[in-house]
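Following this note's numbering, the numbering of the sequence shown begins with 5 at its first residue and continues without gaps.
The C-beta atom is built at its ideal place from N, Cα and C for all residues, glycine as well.
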Amino acid sequence: MITVERFLCWDLEVGGLAIGWFYFICSIISCVLLAFGAAGVLFADCQTLTNNQDVSCGAIRAGIFVGVLIAFLILLLFVYLARLLINGTKERNDSRVKPMMIVFGIFAVLSIFGIFSLQSKKIASSILSVILYSYGFVVLFSLYDRFRMEHNFESDLLVRSEILIRMITVDKCLCCGLETGALVIGWLNLIGNILGVIVIAISLFGIFVSGCDEIKKAAMQDETFKDLGIDGCTLRIVFVVALIVGLILCIALASFSYLLIQGTKKRNHVRVKPMMIVMAIGAILSFLGLLTFNPQEMVSSAISGLIYAYFFVVLFSLYEIFRMEKERGMTLQPQYQASAQEGYFQPPPKV
5 MITVERFLCW DLEVGGLAIG WFYFICSIIS CVLLAFGAAG VLFADCQTLT
55 NNQDVSCGAI RAGIFVGVLI AFLILLLFVY LARLLINGTK ERNDSRVKPM
105 MIVFGIFAVL SIFGIFSLQS KKIASSILSV ILYSYGFVVL FSLYDRFRME
155 HNFESDLLVR SEILIRMITV DKCLCCGLET GALVIGWLNL IGNILGVIVI
205 AISLFGIFVS GCDEIKKAAM QDETFKDLGI DGCTLRIVFV VALIVGLILC
255 IALASFSYLL IQGTKKRNHV RVKPMMIVMA IGAILSFLGL LTFNPQEMVS
305 SAISGLIYAY FFVVLFSLYE IFRMEKERGM TLQPQYQASA QEGYFQPPPK
355 V
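As C-alpha cells, this is what we get:
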C-alpha cells in the first residue's frame with residue numbers, strides 16, 4: 005500500500021504523537037464543554053426548552069440526555085484511542101496504533117459521501133475532510149507498518165536512542181541548558197501563581213466585607229453586567245465562585261511549578277510531566293484565540309501560543325532525557341549485578 009517516510013517535514017513518530025495528543029486534548033475539552041452544556045439544559049426552565057411547542061418538557065430532557073450520553077461515550081472512546089496511539093508510538097507497538105488508523109480510514113470513507121450532496125459548502129468541507137483523514141490514515145498506516153516490521157528484528161537501546169534524537173526535541177532553552185530553562189519556567193510560574201493566590205485572597209476578603217449594594221454599584225460600571233439585571237447578592241455569589249475556582253487553579257499551578265523545580269533538580273521525569281501537560285493545554289487554548297476576528301486578540305493569542313508551544317518543547321525534551329536516563333539505569337543495573345556475582349566486576353579496594 006501507499007506509505008510515507010515522514011509526517012509533513014517531521015518523522016512519522018512525531019506525526020503519531022501529534023495526532024494522538026491533538027485528539028486526546030480536544031476530546032477532553034469537548035467532554036468538559038458537553039458536561040457544562042448538559043448542566044445548562046438540566047437547570048433550564050421548561051418554557052425555554054419547549055419553545056411554546058406542544059411537547060412535554062420531560063420528553064425533551066430525556067432526548068437531550070440520551071444524545072449527550074451517546075456523545076460523551078463517543079468522546080471517551082476517542083480519549084482511549086488517542087491514549088493508545090500515544091503509548092503505541094512511544095513503545096513502538098503496532099497493535100496500539102491500529103485502532104486509530106482504522107478510525108481514520110472509516111472517517112475518510114464517510115467523508116466521501118458528503119461530496120455527493122448538492123450544497124457547495126458541504127462539498128468543499130467534505131473534500132477537505134477526505135484529504136485530511138486520508139493523509140492521517142496513510143501516516144498512521146506507515147507508522148503501523150514500520151513498527152510491525154521492527155518486531156521481526158531484535159530491537160535494542162541504540163535504535164531507540166536514535167529514534168529519540170530524531171523526535172522534536174531541543175538541546176538548549178534559548179542560550180541556556182534545558183535544566184536552566186526548566187528551572188526558570190518553574191520559578192516564574194511559582195512566583196506568579198503565589199502572587200495570584202495573594203491577589204485572589206485579598207479580593208475575596210474585599211467581597212466579604214462589602215455589601216450587596218456596593219458590589220452592584222461597582223459591577224454596573226462594566227457594560228457586561230449593566231444589561232444583565234442581576235442583584236448585588238447574586239453578583240457576590242458569582243464573584244466568590246469565580247474567585248474560588250481561580251484560587252484552586254493558582255494553587256494547582258503553583259504545585260506543578262514546585263514539582264517541575266524538584267523534578268529538574270532530582271532528574272525525575274514524572275515530576276516534570278504535569279507542567280509539560282499544562283504548557284500543551286496553554287498552547288492549544290492560546291491558539292483557539294485566533295478564531296476571533298479581533299486583530300489585537302489574534303496577535304496576542306499567536307504570541308502566547310508560540311511561547312507556550314516552545315516551553316512545551318523544552319519540557320518535553322527534558323522529560324525524554326530524564327526518562328531515558330532512568331530506563332538506561334534500570335537496564336544496566338542488573339548487568340552490573342550479574343557481572344559482580346560472576347567475578348568480572350569487583351569494587352575498588354578500600355584504602
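Does G67 pass the burial test, meaning 16 or more other C-beta atoms within 10 Å, or should it be called exposed? exposed
Along the chain, where does the alpha helix (DSSP H) containing I206 start, and where does it finish? L182 to V213
Cβ pair T7, V142 closer than 9 Å: yes
Since L294 and M302 are thought to touch, with beta carbons under 8 Å apart, how far apart are those beta carbons, to the nearest angstrom? 5 Å
Cα-Cα separation, I307 to I90: 27 Å
In angstroms, rounded to a whole number, what distance separates the CA positions of S261 and N197? 9 Å
Below 8 Å on the Cβ atoms is my guess for I255 versus V201; work out the distance and round it to an integer in Å. 6 Å
Drop a sphere of 10 angstroms on the beta-carbon of L12, count the other beta-carbons inside from all chains shown, and report buried for 16 or more, exposed for fewer. exposed
Compute the Euclidean distance between the alpha carbons of I74 and L37, then round it to the nearest angstrom. 15 Å
Test item: CB-CB of E154 and R96 under 9 Å: yes
Between C326 and L263, what straight-line distance do the alpha-carbon atoms span, to the nearest angstrom? Residue 326 is actually Phe in this sequence, not Cys. About 14 Å.
Can you tell me where the alpha helix (DSSP H) with V282 in it begins and where it stops? H273 to L292
Which same chain residues end up closer than 7 Å to V83 when comparing Cβ atoms and leaving out the 5 residues on each side of it in sequence? F28, S31 and I32
R240 and I219 look like a contact to me (Cβ under 8 Å); what is the Cβ gap, rounded to whole Å? 5 Å
Who are the near neighbours of A258 in its chain, counting only those whose CB is closer than 8 Å to its CB and skipping five residues on each side? N193, L194, N197, I198 and V201
So what's R96 in DSSP terms, helix, strand or just coil? coil
Please list, in chain order, all residues of the same chain as L16 whose beta carbon is under 8 Å from its beta carbon, the five residues on each side excluded. V8, E9, R10, V143, S146, L147 and R150
Kindly indicate which residue of I116, I23 and Y137 has the alpha-carbon position closest to the one of A127. With the sequence shown as reference, residue 127 is identified as Ile, and Ala is not the correct amino acid for it. Measuring from the Cα of I127, the nearest candidate turns out to be I116.
Taking the alpha-carbon of V174 as reference, which of A287, A86 and F316 has the nearest alpha-carbon? F316
Please name the residue in L322, I285, I248 and G250 whose C-alpha comes closest to that of N272. L322
Where does I23 land, buried or exposed, given buried means 16+ other C-beta within 10 angstroms? buried
Might you give, ordered along the chain, the residues of its own chain that have their beta carbon closer than 8 Å to the beta carbon of R2, omitting 5 neighbours on each side? There is simply no residue 2 to check, as the chain begins at 5 and stops at 355 in what is shown.
Report the residue from V276, V242, V70 and L80 whose alpha carbon sits nearest the alpha carbon of S34. L80
Among the candidates T268, F40, W25 and I131, whose CA atom is the shortest distance from the CA of L319? T268
Cβ-Cβ separation, Y312 to M280 (assumed contact under 8 Å), whole Å: The Cβ separation is near 11 Å, so there is no contact.
Which residue wins for smallest C-alpha separation from G210, given the options F243, P278 and F76? F243
Top-ranked residue by Cα proximity to M105, from T296, F69, R87 and G140: G140
Secondary structure at C237, three-state DSSP: helix, strand or coil? helix
Checking the sheet assignment: what are the DSSP bridge partners for R10? D15
Skipping 5 residues on each side, what residues in its chain have a beta carbon closer than 8 Å to that of C180? V188
When the distance is taken between beta carbons, is V72 closer than 9 Å to G41? yes
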